[in-house]
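Going line by line, the protein sequences match chains S and D. Each residue of the first sequence is one higher than the last, beginning at 1 in the numbering used here. Each residue of the second sequence is one higher than the last, beginning at 1001 in the numbering used here. The C-beta atom is built at its ideal place from N, Cα and C for all residues, glycine as well. Please read all numbers here as calculations on a predicted model, not as lab measurements.
Number of protein chains: 2
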Amino acid sequence: MRVSLKDVAAHAGVSIKTVSNVVNNYQHVTPAMRERVQRSIDALGYQPNLAARHLRKGRTGIIALALPELGNPYFAELTASVIDAASQHDYIVLLDHTGGSRDQELLVSQGFRARVIDGLILSPIELEAEDLRDRDQDVPLVLLGERDYDLPYDHIAIDNVAAARDAVRHLIELGRREVAFIGARRDRSEPAQLRVRGWREELTAAGLPADEGLVAAVDGWGHADGARAMRHILDSGRRPDAVFAYNDPMAIGAMRVLHERGLRVPEDIAVVGFDDVIEGRFGAVTLTSISPDKAAIGRLAVESVLARLGNDAPEPRRIWADYQLVQRESTLGRPGAP
Amino acid sequence: MRVSLKDVAAHAGVSIKTVSNVVNNYQHVTPAMRERVQRSIDALGYQPNLAARHLRKGRTGIIALALPELGNPYFAELTASVIDAASQHDYIVLLDHTGGSRDQELLVSQGFRARVIDGLILSPIELEAEDLRDRDQDVPLVLLGERDYDLPYDHIAIDNVAAARDAVRHLIELGRREVAFIGARRDRSEPAQLRVRGWREELTAAGLPADEGLVAAVDGWGHADGARAMRHILDSGRRPDAVFAYNDPMAIGAMRVLHERGLRVPEDIAVVGFDDVIEGRFGAVTLTSISPDKAAIGRLAVESVLARLGNDAPEPRRIWADYQLVQRESTLGRPGAP
DNA sequence: CTCAGGTTTTACAACGTTATACACGCCGTG
DNA sequence: CACGGCGTGTATAACGTTGTAAAACCTGAG
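As structure tokens, this is what we get:
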């Protein structure tokens, strides 16, 4: 049988509320009383019943993290950092995966879990601004990632345009002139993606053409999509001397195709990815990549959500997390090798 | 404001309990009444409060999934399948990561979340049988993975010994004679790991020596550990003609080292991994691996936990999931290549 | 028309917690 | 020596749901 406040109260010979006060570190309790009650708590091994507490307080102690896919190690690492940050505030993380589909993202953002969670951290891919505009404001929402919404929600991300420009600049500084972009979205006329924009801006700034024929659109975000996009570019007769991919799995998929076609990385084609997943450090050719500060992103996301739980919710704001360009063999070449 | 049963009842002009009966599909409700109440429910947008329901019923509708690490894509894929299976039973998945440390695993298994979750799916690495023996039986527990416990809990896994033997047999059939094993545990005198046992058994069965000098112990389970282990073996002056790794990330880490040392895979050294993660299909050399049926494992785990929630808990049993050996370039070589 | 037997609906009491409002001392002040 | 004020503890009412038991309502037989 579970032991409740009532049992502890009976054991200590005090009222239920006094025990509750001790448990909650209420101020006005004499040290003597506090110790007496604590002794009973320890003796009976009391643990608070969270359901009852939640019922009373209207909070569940759970925040949801909704991600497009867990298969991408970037999200796995991010998840770990969110869990860590949440547990420091005695919060628990519920995981949803949306598959990056607009319907699922919509469902999640509308709060089909509304009765379970106190807050939501969402990393949208397909979701449109209008989908969020008429959202039921019940549950605080924090957005993560590349999409750029002009909406009254906290948004935590690195500066994707600047990061993409850094990546492309790195390629240009290495003497590359034809930089392909892998991972645009097929279904957007004017791609909302900031990474494409960064690619375009930096090329233009360098006086190079931002050749849309070198932009490959894809359906998904995985290795296979990167491979498909790379094949598509090569099969179209183009032979860029560099590739900037939307993320690391796509970059790795592209490198696989280059390898199959007998093209050397980086001698023939240099490759830069995005997210700096562990996998990129152990291929036959290690991958140059933009490395976001995942720990910071997770921490900031949790803090933002929790800050909105109180009555005095702060102004929605855009929070920039740190990032850096990590240079490896896919652009620099193998140090010791010929 | 949230709308409760009381509000719906007032709106429909019936008692609270009648609304509750409709919500719960209780039998004895006339169709007319059911429709009237349903109309009010829809009109007000009622959603049940789970905390209250939990308080009353003693169930939370949440199961926890505790994994050693999310970074390993195998666990990410497994998580996705568990979430899918759980949602089909209207259950929600809470994610914990233990880091594969015994302390964390112990904490989780002892149920520090006991007040929140109905059941627990645990994939232990370091945890010992004795740690589980004196467990508080409150929350149903299902074990996952390679560790072999003789305990009254459901255990879902593939036949690790058989799978490891299949992997090693494949190498032997290709003519390899010195098969190294990467990924034993440093801190176990008699390694409990079934995959090492399979390696040993198959070599012995083939009349080959199971040379313990070719078994590399490691501390972790990631790419870097595999790389370290491979370096260790090569630096010790050994030159095996095949490597069987505990999992895919370690196999990939090992392949990176072979590449650095100028050794060709599979011509000089063939490599087999375990888990068949997506990453293995896109390296410069694609990876032969044991591929467990992750979808089945997730589904079986969820069903096992939920089956134990009722009063008539079934006998604890060991459930074998399917697997197969997927042969790729790291053992077969590149088809078209010289 | 009454009453048994069954179905449908209702009132009320839990579940374990916290908030509210109040009672009880004890102090120092007028 | 009353009296307000403060610091401490207590009874009681919620929170939203479901199980229990009983009330109200039918139906058809005697």
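Check                                                                                                                                                                                                                                 : Outcome
Taking Val1022 of chain D as the query, report the chain S residues whose CB atoms sit under 7 angstroms from its CB, ordered along the chain.                                                                                        : Correct list: empty, because the minimum Cβ distance to chain S is about 17 angstroms.
For a quick check, are the C-beta atoms of Leu1355 of chain D and Ile1156 of chain D less than 8 angstroms apart?                                                                                                                     : Any question about residue 1355 of chain D goes unanswered here, given that chain D covers just 1001 to 1338.
Hey, does Ile331 of chain S have any beta-carbon neighbour from chain D nearer than 8 angstroms?                                                                                                                                      : The question names Ile, but residue 331 of chain S in the sequence shown is Thr. Cβ-Cβ to chain D under 8 angstroms: no for Thr331 of chain S.
When you compare the stretch 288-298 of chain S with the stretch 76-84 of chain S, are there three or more beta-carbon pairs, one atom per stretch, that lie closer than 8 angstroms?                                                 : yes
Please name the residue, chosen from D:Val1037, D:Ser1020, D:Asn1021, that lies closest to Gly1013 of chain D on a Cα-to-Cα basis.                                                                                                    : D:Val1037
Figure out for me which residue from S:Glu146, S:Gly222, S:Ala85 has the closest Cα to the Cα of Ile319 of chain S.                                                                                                                   : S:Glu146
Indicate the three-state DSSP secondary structure (helix, strand or coil) for Val19 of chain S in the structure shown.                                                                                                                : helix
From Gly253 of chain S to Met1255 of chain D, what does the alpha carbon distance come to, in whole angstroms?                                                                                                                        : 17 angstroms
Given that Pro73 of chain S touches chain D, what residues does it touch there, using C-beta distances under 9 angstroms?                                                                                                             : Leu1070, Gly1071, Asn1072, Pro1073, Ala1076, Glu1279
Do the stretch 101-109 of chain S and the stretch 45-55 of chain S touch if we need at least three Cβ pairs shorter than 8 angstroms?                                                                                                 : no
Answer yes or no: does any C-beta atom of chain D fall closer than 8 angstroms to that of Ser189 of chain S?                                                                                                                          : Caution is warranted here: a pLDDT of 45 is assigned to Ser189 of chain S, below 50, making its placement in the model unreliable, and no coordinate value can be reported.
For Gln327 of chain S, which three-state DSSP category applies?                                                                                                                                                                       : coil
To be precise: take each residue of the stretch 89-104 of chain S, compare its Cβ to all Cβ atoms of chain D, and keep it if any distance is under 7 angstroms. Which residues remain?                                                : Ile92, Val93, Leu94, Leu95, His97
Suppose contacts are defined by Cβ-Cβ distances below 8 angstroms. Is Pro68 of chain S in contact with Gly1071 of chain D by that definition?                                                                                         : no
Quick one: which chain S residues come within Cβ less than 8 angstroms of Gly1222 of chain D?                                                                                                                                         : Ile278
Closest to Glu279 of chain S by C-alpha separation, out of D:Glu1128, D:Ala1227, D:Arg1176, D:Ala1270, would be which residue?                                                                                                        : D:Ala1227
Can you check the stretch 1144-1206 of chain D for any alpha helix (DSSP H) of at least 4 residues that lies completely inside it and give the ranges in chain order?                                                                 : 1160-1173, 1194-1205
How should Thr331 of chain S be labelled, buried or exposed, when 16 other C-beta atoms within 10 angstroms of its C-beta is the threshold for buried?                                                                                : buried
Alpha carbon to alpha carbon, how far is Thr1286 of chain D from His1259 of chain D? Give it in angstroms, no decimals.                                                                                                               : 13 angstroms
Whether or not the stretch 1207-1215 of chain D and the stretch 1227-1242 of chain D are in contact is what I'm after, with contact meaning three or more pairs of Cβ atoms, one per stretch, closer than 8 angstroms; do they touch? : yes
Over what stretch of residues does the beta strand (DSSP E) that includes Leu1005 of chain D continue unbroken?                                                                                                                       : Taken as a continuous stretch (DSSP letters only), Leu1005 of chain D belongs to no beta strand (DSSP E), being part of the alpha helix (DSSP H) at 1005-1012.
Alpha carbon to alpha carbon, what distance is there between Phe244 of chain S and Arg133 of chain S?                                                                                                                                 : 33 angstroms
Can you tell me whether DSSP reads Val272 of chain S as helix, strand or coil?                                                                                                                                                        : strand
Counting only C-beta atoms, is Thr1288 of chain D closer than 8 angstroms to chain S at any point?                                                                                                                                    : no
For Pro1124 of chain D, which of helix, strand or coil comes out of DSSP?                                                                                                                                                             : coil
Comparing C-alpha positions only, which one of S:Arg197, S:Pro31, S:Tyr91, S:Pro314 sits nearest to Thr60 of chain S?                                                                                                                 : S:Tyr91
Measure the C-alpha to C-alpha separation of Glu329 of chain S and Thr288 of chain S and round it to an integer number of angstroms.                                                                                                  : 7 angstroms
Checking contacts by CB at 8 angstroms: is Ala1210 of chain D closer than that to chain S?                                                                                                                                            : no
For Ile252 of chain S, return the contacting residues in chain D, with the cut-off set at a CB-CB distance below 7 angstroms.                                                                                                         : Phe1282
Please confirm whether Ala1163 of chain D and Gly1220 of chain D have their CB atoms less than 8 angstroms apart.                                                                                                                     : no
Please list, in chain order, the chain S residues whose beta carbon lies closer than 9 angstroms to that of Val1108 of chain D.                                                                                                       : Simply none; closest approach about 12 angstroms.
With 8 angstroms set as the bound, which would you pick, yes or no: does the beta-carbon of Arg1318 of chain D sit closer than that to a beta-carbon of chain S?                                                                      : no
Using 10 angstroms around the beta-carbon of Glu126 of chain S, count the other beta-carbons present and answer buried if the total reaches 16, otherwise exposed.                                                                    : buried
For Met1027 of chain D, does the count of other Cβ atoms within 10 angstroms reach 16, so buried, or fall short, so exposed?                                                                                                          : In the sequence under discussion, the amino acid at residue 1027 of chain D is Gln, which differs from the Met named in the question. With fewer than 16 other Cβ atoms within 10 Å, it is exposed.
Residues in the stretch 1253-1265 of chain D with C-beta within 7 angstroms of chain S's C-beta atoms, listed in sequence order?                                                                                                      : Gly1253, Arg1256, His1259
Tell me which same chain residues have a C-beta within less than 8 angstroms of the C-beta of Leu1171 of chain D, skipping the five on either side of it?                                                                             : Val1179, Ala1242, Phe1244, Ala1270, Val1272, Thr1331
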